[in-house]
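Student: Before I ask anything, here is the structure I am working with.
Number of protein chains: 2
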Amino acid sequence: MNLTAHDITALLLSLGVLLLSARALGELARRLGQPAILGEIIAGILLGPTVLGRIPGAADLIFPTQPAGQVALQGFTNIAVVLFLLVAGLEVHLSTILRQGRTALTVSFTGMILPFAIGLAAAWLMPAFLGFHHGQNQLAFILFMATAMAISALPVIAKTLMDLDLYRTDMGMVVMAAAIVQDVVGWIVFAIILGMIGQAGTGTPVGVTIVMTLGFAVAMCTVGRWAVNRAVPWVHAHTSWPGGILGFVLALAFFGAAFTERIGIHAIFGAFIVGVVVGDSPHLQERTRRVIEQFVSFVFAPIFFASIGLKVDFVANFDWKLSAFVIAIACAGKILGCGLGALSCGLPKRESWAIGFAMNARGAMEIILGLLALEYKLIDERLFVALVVMALVTSLMSGPVMQRLLRRPKSKRIVDFLSSKTFIPRLRANERSAAIAELAQVLSATTGLPAASITEAVIAREAMMSTCIGDSLAIPHARMPGLPGPAVAVGMSAEGVRFDDDATATIVVMVLTPEEDDGVQLELLADFARVFRHEDTRRIALKATGYLEFIGAIRTAH
Amino acid sequence: MNLTAHDITALLLSLGVLLLSARALGELARRLGQPAILGEIIAGILLGPTVLGRIPGAADLIFPTQPAGQVALQGFTNIAVVLFLLVAGLEVHLSTILRQGRTALTVSFTGMILPFAIGLAAAWLMPAFLGFHHGQNQLAFILFMATAMAISALPVIAKTLMDLDLYRTDMGMVVMAAAIVQDVVGWIVFAIILGMIGQAGTGTPVGVTIVMTLGFAVAMCTVGRWAVNRAVPWVHAHTSWPGGILGFVLALAFFGAAFTERIGIHAIFGAFIVGVVVGDSPHLQERTRRVIEQFVSFVFAPIFFASIGLKVDFVANFDWKLSAFVIAIACAGKILGCGLGALSCGLPKRESWAIGFAMNARGAMEIILGLLALEYKLIDERLFVALVVMALVTSLMSGPVMQRLLRRPKSKRIVDFLSSKTFIPRLRANERSAAIAELAQVLSATTGLPAASITEAVIAREAMMSTCIGDSLAIPHARMPGLPGPAVAVGMSAEGVRFDDDATATIVVMVLTPEEDDGVQLELLADFARVFRHEDTRRIALKATGYLEFIGAIRTAH
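Top line first, the protein sequences correspond to chains A and B. In this text, residue positions in the first sequence follow numbering that gives the first Met the number 0: the first is 0, and each later residue adds one. In this text, residue positions in the second sequence follow numbering that gives the first Met the number 0: the first is 0, and each later residue adds one.
Structure, rendered in structure tokens:
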């Protein structure tokens, strides 16, 4: 069998459509403060049987209609999820767990046991409601429900913590450490479940699969870790960067994936363990990690998550009672389990419940778990849809609830206050005072403050020391009484605005902040400096001829 | 049809084996001063019918044996080559051509016309020798041979120029500009050839395919270029970096590829044109380009090039007469064509022939061209093997011959002079003079110079100004009479070596250079500074406990 030109056309077209729509909706979700995966899943739902499939013939225009093309697409999404789990593994830092000690272990333990028990009880007491059919492996089904409740989603949790500037705090590290333990244990249990049901193709007995799974995990985390830690400097020493190390890490992931697939559990488990082991090496460079993570997170992962929507009709299989029930037990188990664990370690009340909500996010991991269970016919479409809904709902609520519990403002960035209304592409002024007056005029219109008092305050600050910094940038600023929040205006001048005897600015950014808020001014000035440290950003921003180009350059620095 | 666990295991295993062996032999080739693609192709030949295939059953242990697995692997290599051509397109800078003006256009014209004419004549006069069979499309065959002689390989040429430090010279830019023109014209002609023979599956008449091909190329380079140039800042402004722009560029490549596949020419043509158009936008950031290039060049491309070896038996189909003939006409046409063109523009003789040899490298492009012709049954295996051999031979000779013609030394890098013999993991000394004496001892053993005179010369230099620079590094150095070439020793001290009152060095690098050669000292000191600017490199090198870790960290900065 060979791929025909028709198959290849459909394969490429569907990859393009999946990638573009997943990224577009993923970005939209992020603009709304939600995790990108929400948009990526929705893109797939729109393109799948749920929406596009209802228009006769529409799906055939995009997706492969012949078996060969379908298999090729399926092969690609399989590779994509393997690489996604490699990246998820790379994010795990085993050493983080050890450093956090007792609190992290307690939280991960209670946060695992309670949801596990609740999931187990639910699957045992009401199997029919959850869609269990006689003739299936009941033990595997019960264990699956328990694991599905106990697992958490490292990538989503890390992202939420970063958004709230909590990632490098003690609390953030406790959450990360606990999530790592839960993820690793969860995947091992799930691998064992797959071993129990999935040996049809391999002919390996259950016992052997379980022993091999545990053996593989233990061997990789001991001997494998030692070997990788020796191999990475060797690869660096004997090959060119980044070609050598990229090839090494990816090949290792493929081998690990092939091995676990061979012993009767899924390929992603091997890739995840390889990621954990490789990511743990102190010799692995940040730059290498970044190349892999960026390409995988923004090319492979969106295609994979969108492809999930192609498999199931999310409307026909949506059962609101089941979804509500799954959400309820998932939240109860995880929030109580983690929250009580944190409380028992003596953490403050609000912080403890914030930890509970942080760990409650299920994100990508739950969806992948559910998808595999669906593919192995362990669960039906209704329960799968309910799990996806639960994963998305728990991820969505995590950030906002934590923010409220901790009364934690999001960190302020200069880009959030830019607007085309306060952007002057060509300043008329060519010296400091006139330029400041011009920008004050614009900010007066948006803030309602008198232009004269803005000019006066900014020039007073400027008199203390020029705000023109190297590389043709100036950032005149002042704190203004009666201002409800920060206000920023940008003016550009191709000829340059004279600031001192020896400094001219091409870009003049005026920053006004409320008088009573000291922190926000420092935060914005620091963010400004950080943004313009990027060479590409500076180069493109300095040449920008309009607002779109300017903000485009600024955004890429984030 | 679905992928079974067996298929997925084989798919992942074969990707791992292809990637690892291709990267390993690719690195080996680079260590020997040859292009990586040489090693990548050889890896495939070893794994294919040529070698591994002769051991009964061996290939079945690695590669998919079932149709579904084979199609999935085929689908992946198709996607890989599409992405490789996207990257090749991204390297094309249309603006370079315009800037180089007359010389570049003359060289590209003469360097295209002469090989084209020779290839055309050969295919016309001796079709049987080249493996042409009656019943095939003779016009397409003749045009193919002509194009195959006329095309050049941008990536290989760029790499060779960079190795010789010629990339940013006038001559380098003339070569690049001429190669760009030849590549673009070559691919368009080839696309037309594919249109002539490949419409079997699409039912599109030849004329329509040709018109659509040209129309697509022209539309993309005019309207498409304008639209992309507007879209890139928009994407930057409205999405997060690099997720937004990566998704946009890759999706565009998939769409372009699907379109050209649909109109009856190959998918790679569309990806190449998309690459050219996107790469031309001044708004595209270097960092974005790098993420795509690194992942594609070191993951997708090696897998693709190795997979070529799986298709053909390179020993059974090797015809030395045919290969010698193809090499002869390829070299004659290209070297004479480009060389004479450069001479006619008044360039010096040695430089003109160097340009001829630079352009003669066929590398990846010829191999892809040949592979497509083979798949479309336009040529037979014998001619395909001869073309691959020609591509590799012309690429191999290019660098060494240019180096000899231009008497151009390769640029000196500190890493080339490091050795475990001159590496001291723990210096006994904790102050300057003693540390210098310790390193002088080591260098005395390898250079034969007396240790005392090395110490004296280095300390004399040190007395002028301390060579201890920020970040715990010191680089004492001296020029020594009687030294045949540079010599470098490295000593590390966890406690630090006191250099001045306020500076201690963790790493002490001693550099000795010949007295009469002024340039090499500067070159090595500059390279040292450049290497240690990388944050990761510095961090890991400072913590290195042995030679392997140290050199590993240094190498990653190159």
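Beta carbons are placed, not taken as given, at the ideal position from N, Cα and C, and that holds for glycine. No experiment lies behind these values; they were computed from the predicted model shown.
In or out: methionine 464 of chain A buried (at least 16 other Cβ within 10 Å) or exposed?
Tutor: The residue you call residue 464 of chain A lines up with position 465 of the first sequence. Under this definition methionine 464 of chain A is an exposed residue.
Student: Starting from histidine 476 of chain B and walking both ways along the alpha helix (DSSP H), at which residues does that stretch end?
Tutor: If you number the second sequence from 1, residue 476 of chain B lands on position 477. It is not in any alpha helix (DSSP H) - histidine 476 of chain B instead sits in the beta strand (DSSP E) that spans 476 to 479.
Student: Just curious, the beta strand (DSSP E) that serine 465 of chain B is in, first and last residue?
Tutor: Counting from 1 along the second sequence, the entry for residue 465 of chain B is found at position 466. Careful: serine 465 of chain B lies outside any beta strand (DSSP E) and carries neither H nor E.
Student: Under three-state DSSP, which class holds alanine 199 of chain B?
Tutor: The residue you call residue 199 of chain B lines up with position 200 of the second sequence. Only weak support exists for where alanine 199 of chain B lies, its pLDDT of 48 falling under 50; the coordinates are left without a value.
Student: Shorter than 8 Å, the distance from the beta carbon of methionine 509 of chain A to the closest heavy atom of the ligand COA, or not?
Tutor: For the structure depicted, the ligand COA is absent and the ligand set is empty, with no information on it obtainable.
Student: Roughly how many angstroms lie between the CA atoms of glycine 200 of chain B and alanine 257 of chain B, to the nearest whole one?
Tutor: Translated into the one-based positions of the second sequence, residue 200 of chain B becomes position 201. Translated into the one-based positions of the second sequence, residue 257 of chain B becomes position 258. Note that glycine 200 of chain B scores a pLDDT of 49, beneath 50, so its modelled location is shaky and nothing firm can be said.
Student: Can you name the residues of chain A whose CB is closer than 7 Å to the CB of proline 241 of chain B?
Tutor: Here residue 241 of chain B corresponds to residue number 242 of the second sequence, with the count starting at 1. Under the 7 Å cutoff, chain A gives Gln293, Phe297.
Student: Counting pairs of beta carbons, one from the region 340 to 352 of chain A and one from the region 125 to 144 of chain A, are three or more of them closer than 8 Å?
Tutor: These segments do not touch.
Student: Inspect the beta-carbon positions of proline 475 of chain B and valine 508 of chain B and report whether they are closer than 9 Å.
Tutor: Counting from one through the second sequence, the residue named residue 475 of chain B turns up at place 476. Counting from one through the second sequence, the residue named residue 508 of chain B turns up at place 509. Yes; because the gap between Cβ atoms is below 9 Å, this pair is in contact.
Student: By the three-class DSSP mapping on this structure, what secondary structure does leucine 472 of chain A have?
Tutor: Here residue 472 of chain A refers to the residue found at position 473 of the first sequence. If DSSP states are grouped into helix, strand and coil, leucine 472 of chain A belongs with the strands.
Student: Using a Cβ cut-off of 9 Å (strictly closer), state whether glutamine 284 of chain A contacts chain B.
Tutor: Start at 1 with the first residue of the first sequence, and residue 284 of chain A comes out as number 285. Answer yes: the Cβ-Cβ gap between glutamine 284 of chain A and chain B drops below 9 Å somewhere.
Student: Three or more C-beta pairs closer than 8 Å, one from the region 80 to 95 of chain B and one from the region 318 to 326 of chain B: is that the case here?
Tutor: The answer is no - the region 318 to 326 of chain B does not touch the region 80 to 95 of chain B, with fewer than three Cβ pairs under 8 Å.
Student: Since I believe isoleucine 326 of chain A is in contact with methionine 389 of chain A (beta carbons under 8 Å), could you give me their beta-carbon distance rounded to a whole number of angstroms?
Tutor: On the first sequence, residue 389 of chain A is found 390 positions in, with the first residue counted as 1. On the first sequence, residue 326 of chain A is found 327 positions in, with the first residue counted as 1. With a Cβ gap of about 5 Å, methionine 389 of chain A and isoleucine 326 of chain A count as contacting.
Student: Use the C-beta contact count for valine 222 of chain A: other C-beta atoms within 10 angstroms, 16 or more gives buried, fewer gives exposed.
Tutor: Along the first sequence, one-based indexing puts residue 222 of chain A at 223. Exposed: under 16 other Cβ atoms inside 10 Å.
Student: For leucine 72 of chain A, decide whether its Cβ has a neighbour in chain D, counting only Cβ atoms nearer than 9 Å.
Tutor: Absence of chain D from the displayed structure is noted, the protein chains being A and B.
Student: Could you confirm whether any beta carbon from chain A is found closer than 9 Å to the beta carbon of isoleucine 244 of chain B?
Tutor: For the purposes of this step, residue 244 of chain B is taken as the residue at position 245 of the second sequence. Yes, because at least one Cβ of chain A sits closer than 9 Å to the Cβ of isoleucine 244 of chain B.
Student: Where does serine 107 of chain B fall in DSSP's three states?
Tutor: If you number the second sequence from 1, residue 107 of chain B lands on position 108. Correct three-state label for serine 107 of chain B: helix.
Student: Counting only C-beta atoms, is histidine 92 of chain A closer than 9 Å to chain B at any point?
Tutor: As a position in the first sequence, residue 92 of chain A is number 93, starting the count at 1. For histidine 92 of chain A, the answer is no, since every Cβ of chain B falls outside 9 Å of its Cβ.
Student: Quick one: does alanine 250 of chain A have its CB under 9 Å from some CB of chain B?
Tutor: What you label residue 250 of chain A is simply residue 251 of the first sequence in a count that begins at 1. Yes - at least one Cβ of chain B is within 9 Å of the one on alanine 250 of chain A.
Student: Note down, in chain order, all residues in the region 204 to 216 of chain B with a beta-carbon under 8 Å from any beta-carbon belonging to chain A.
Tutor: Those would be none; no residue qualifies.
Student: At what residues does the beta strand (DSSP E) containing isoleucine 272 of chain A begin and finish?
Tutor: In the first sequence, counting from the first residue as 1, residue 272 of chain A sits at position 273. First-last for isoleucine 272 of chain A: 266 to 278, but that is the alpha helix (DSSP H), not the beta strand (DSSP E).
Student: Measure the alpha-carbon distance for phenylalanine 531 of chain A versus isoleucine 553 of chain A and round it to whole angstroms.
Tutor: Along the first sequence, one-based indexing puts residue 531 of chain A at 532. Along the first sequence, one-based indexing puts residue 553 of chain A at 554. Those two C-alpha atoms are separated by around 8 Å.
Student: Round the Cβ separation of valine 205 of chain B and methionine 195 of chain B to the nearest angstrom and send it over; I've been treating them as touching at under 8 Å.
Tutor: Here residue 205 of chain B refers to the residue found at position 206 of the second sequence. Here residue 195 of chain B refers to the residue found at position 196 of the second sequence. Going by Cβ atoms, the distance from valine 205 of chain B to methionine 195 of chain B rounds to 5 Å, so yes, they are a contact pair.
Student: Find the residues of chain B that neighbour leucine 562 of chain A, judging by a C-beta separation of less than 8 Å, and give them in chain order.
Tutor: Since the first residue shown for chain A is 0 and the last is 557, residue 562 of chain A is missing from the structure and cannot be characterised.
Student: So if DSSP puts glutamate 430 of chain A in a beta bridge, which residue, or which two residues, is it bridged to?
Tutor: Along the first sequence, read from residue 1 onward, the residue named residue 430 of chain A stands at position 431. Bridge partners of glutamate 430 of chain A: A:Arg497.
Student: If you run the structure through DSSP and keep just helix, strand and coil, what is glutamine 65 of chain A?
Tutor: If you number the first sequence from 1, residue 65 of chain A lands on position 66. Three-state DSSP puts glutamine 65 of chain A in coil, outside helix and strand.
Student: Which value, in whole angstroms, describes the spacing of the CA atoms of isoleucine 605 of chain B and valine 487 of chain B?
Tutor: Any answer about residue 605 of chain B is impossible in this case: the structure gives chain B only from 0 up to 557.
Student: Do the CB positions of arginine 478 of chain A and threonine 512 of chain A come within less than 9 Å of each other?
Tutor: Residue numbering aside, residue 478 of chain A sits at position 479 when the first sequence is read from its first letter. Residue numbering aside, residue 512 of chain A sits at position 513 when the first sequence is read from its first letter. Contact flag set, yes.
Student: Determine, for glycine 43 of chain A, whether the minimum Cβ-Cβ distance to residues of chain B falls below 9 Å.
Tutor: If you number the first sequence from 1, residue 43 of chain A lands on position 44. Glycine 43 of chain A does not count as touching chain B.
Student: What are the partner residues of proline 513 of chain A, as DSSP defines its beta bridges?
Tutor: Taking the first sequence and counting its residues from 1, the one referred to as residue 513 of chain A is at position 514. Proline 513 of chain A pairs with A:Met479.
Student: Are the beta-carbon atoms of isoleucine 191 of chain A and leucine 213 of chain A separated by less than 9 Å?
Tutor: Position 192 of the first sequence, counted from the start, is the residue given in the question as residue 191 of chain A. Position 214 of the first sequence, counted from the start, is the residue given in the question as residue 213 of chain A. In this structure, leucine 213 of chain A lies closer than 9 Å to isoleucine 191 of chain A by Cβ.
Student: Alanine 315 of chain B by DSSP, collapsed to three states: which one?
Tutor: Residue mapping note: residue 315 of chain B aligns to position 316 of the second sequence, counting from 1. In the structure shown, alanine 315 of chain B sits in coil (DSSP, three-state: anything other than H, G, I, E or B).
Student: Under DSSP, the alpha helix (DSSP H) around phenylalanine 304 of chain A begins and ends at which residues?
Tutor: Taking the first sequence and counting its residues from 1, one reaches residue 304 of chain A at position 305. Start and end: 300 to 308.
Student: Am I right that leucine 27 of chain A and alanine 250 of chain B are in contact with their C-beta atoms under 8 Å? What's the rounded C-beta distance?
Tutor: Your numbering for residue 27 of chain A matches position 28 in the first sequence. Your numbering for residue 250 of chain B matches position 251 in the second sequence. Going by Cβ atoms, the distance from leucine 27 of chain A to alanine 250 of chain B rounds to 15 Å, so no, they are not a contact pair.
Student: Pick out whichever of A:Ser94, A:Leu129, A:Ala473 has its Cα sitting closest to the Cα of asparagine 429 of chain A.
Tutor: One-based indexing of the first sequence puts residue 429 of chain A at position 430. Among A:Ser94, A:Leu129, A:Ala473, the Cα nearest to that of asparagine 429 of chain A belongs to A:Ala473.
Student: What residues of chain B sit near leucine 371 of chain A, judged by a beta carbon separation below 7 Å?
Tutor: For this step, residue 371 of chain A is matched to residue 372 along the first sequence. Correct list: empty, because the minimum Cβ distance to chain B is about 12 Å.
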